[in-house]
Amino acid sequence: MTAPVSFHIKIRRDKTTYFIECSQNETIGSVKQKLSSIINKPYKEFRLAYKDQSQDDEANLSSLGIGLDDTLALCYWISDEADVGKGKWEQAHFENYPNLAESK
(Lines of atoms letter the chains of each structure in order from A and count residues from 1; the text may use other names and numbers.)
(Lines give C-alpha, C1' and ligand atoms only; values in the text may rest on other atoms or scores of the structure.)
Protein backbone atom coordinates (compact mmCIF):
# COMPACT_ATOMS: atom_id res chain seq x y z
CA MET A 1 0.00 0.00 0.00
CA THR A 2 1.40 3.41 -0.93
CA ALA A 3 1.30 6.46 1.31
CA PRO A 4 -1.22 9.16 0.42
CA VAL A 5 0.18 11.87 -1.82
CA SER A 6 0.61 15.15 0.02
CA PHE A 7 0.05 18.55 -1.55
CA HIS A 8 -0.51 22.16 -0.51
CA ILE A 9 -3.76 24.06 -0.63
CA LYS A 10 -4.16 27.80 -0.19
CA ILE A 11 -6.57 29.18 2.37
CA ARG A 12 -7.33 32.88 1.90
CA ARG A 13 -9.17 35.62 3.73
CA ASP A 14 -8.92 39.25 2.67
CA LYS A 15 -5.22 39.84 1.89
CA THR A 16 -3.90 36.90 3.94
CA THR A 17 -2.97 33.52 2.47
CA TYR A 18 -2.10 30.37 4.43
CA PHE A 19 -0.52 27.28 2.85
CA ILE A 20 -1.54 23.98 4.43
CA GLU A 21 -0.04 20.59 3.61
CA CYS A 22 -2.76 17.98 3.11
CA SER A 23 -3.41 14.55 1.67
CA GLN A 24 -6.34 13.53 -0.51
CA ASN A 25 -7.89 11.36 2.20
CA GLU A 26 -8.11 14.22 4.75
CA THR A 27 -11.34 15.89 5.73
CA ILE A 28 -12.23 19.57 5.86
CA GLY A 29 -12.30 19.14 9.65
CA SER A 30 -8.67 18.00 9.78
CA VAL A 31 -7.62 20.94 7.59
CA LYS A 32 -9.52 23.26 9.94
CA GLN A 33 -7.68 21.78 12.94
CA LYS A 34 -4.32 22.47 11.27
CA LEU A 35 -5.38 26.02 10.44
CA SER A 36 -6.79 26.55 13.94
CA SER A 37 -3.33 26.20 15.48
CA ILE A 38 -1.92 28.75 13.02
CA ILE A 39 -4.59 31.43 13.41
CA ASN A 40 -5.23 30.82 17.14
CA LYS A 41 -8.99 30.49 16.72
CA PRO A 42 -11.13 27.50 17.70
CA TYR A 43 -12.03 25.56 14.56
CA LYS A 44 -15.76 25.90 15.35
CA GLU A 45 -15.46 29.70 14.90
CA PHE A 46 -14.62 29.52 11.21
CA ARG A 47 -15.67 27.72 8.05
CA LEU A 48 -13.88 26.83 4.85
CA ALA A 49 -15.57 27.44 1.52
CA TYR A 50 -14.68 25.95 -1.85
CA LYS A 51 -16.12 27.39 -5.07
CA ASP A 52 -18.37 29.71 -3.02
CA GLN A 53 -19.88 26.81 -1.04
CA SER A 54 -19.29 26.27 2.68
CA GLN A 55 -18.02 22.74 3.29
CA ASP A 56 -18.95 20.29 6.07
CA ASP A 57 -16.19 19.18 8.43
CA GLU A 58 -16.77 15.52 7.49
CA ALA A 59 -16.32 16.13 3.76
CA ASN A 60 -13.28 14.47 2.21
CA LEU A 61 -10.92 16.60 0.08
CA SER A 62 -10.78 14.09 -2.78
CA SER A 63 -14.57 13.68 -2.91
CA LEU A 64 -14.89 17.48 -3.18
CA GLY A 65 -12.33 17.54 -5.99
CA ILE A 66 -9.90 19.63 -3.92
CA GLY A 67 -6.30 19.08 -4.94
CA LEU A 68 -2.93 20.63 -5.62
CA ASP A 69 -2.92 24.45 -5.58
CA ASP A 70 -6.67 24.80 -5.01
CA THR A 71 -7.85 27.73 -2.90
CA LEU A 72 -10.33 27.65 -0.03
CA ALA A 73 -11.89 30.75 1.51
CA LEU A 74 -11.70 31.30 5.28
CA CYS A 75 -14.95 32.66 6.77
CA TYR A 76 -15.31 33.80 10.39
CA TRP A 77 -18.38 33.79 12.60
CA ILE A 78 -19.49 37.37 13.26
CA SER A 79 -21.33 37.51 16.57
CA ASP A 80 -24.03 40.04 17.34
CA GLU A 81 -22.61 42.53 19.87
CA ALA A 82 -25.96 42.73 21.66
CA ASP A 83 -26.38 38.93 21.87
CA VAL A 84 -23.21 36.84 21.62
CA GLY A 85 -25.27 33.71 20.88
CA LYS A 86 -26.53 35.29 17.69
CA GLY A 87 -24.65 36.27 14.61
CA LYS A 88 -23.86 35.15 11.08
CA TRP A 89 -21.10 33.73 8.94
CA GLU A 90 -19.22 36.28 6.88
CA GLN A 91 -19.27 35.93 3.11
CA ALA A 92 -16.29 34.25 1.46
CA HIS A 93 -14.05 36.96 0.05
CA PHE A 94 -10.42 37.66 -0.67
CA GLU A 95 -8.43 40.12 -2.71
CA ASN A 96 -7.44 39.04 -6.19
CA TYR A 97 -4.05 40.27 -7.26
CA PRO A 98 -3.06 40.86 -10.87
CA ASN A 99 -0.67 38.35 -12.37
CA LEU A 100 2.59 40.32 -12.49
CA ALA A 101 4.01 38.11 -15.23
CA GLU A 102 1.11 39.04 -17.53
CA SER A 103 1.26 42.78 -16.82
CA LYS A 104 4.59 43.34 -18.59
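Its first residue numbered 1287, the sequence shown is counted upward by one per residue in my numbering. By construction, the Cβ of each residue, glycine as well, lies at the ideal position given by its N, Cα and C atoms.
- Contact check for L1334 and I1297: beta-carbon distance about 7 Å, within the 8 Å limit, so the pair qualifies.
- For C1361 against F1332, the beta-carbon gap comes to about 6 Å, under 8 Å, which counts as contact.
- With fewer than 16 other Cβ atoms inside 10 Å of its own Cβ, V1291 counts as exposed.
- Partner residues in the beta bridge of G1373, as assigned by DSSP, are S1365.
- I1295: member of the beta strand (DSSP E) spanning S1292 to R1299, first to last residue.
- Per DSSP, L1347 lies in no beta strand (DSSP E); the unbroken alpha helix (DSSP H) holding it starts and ends at L1347 to L1350.
- The continuous beta strand (DSSP E) containing L1334 extends over residues F1332 to Y1336.
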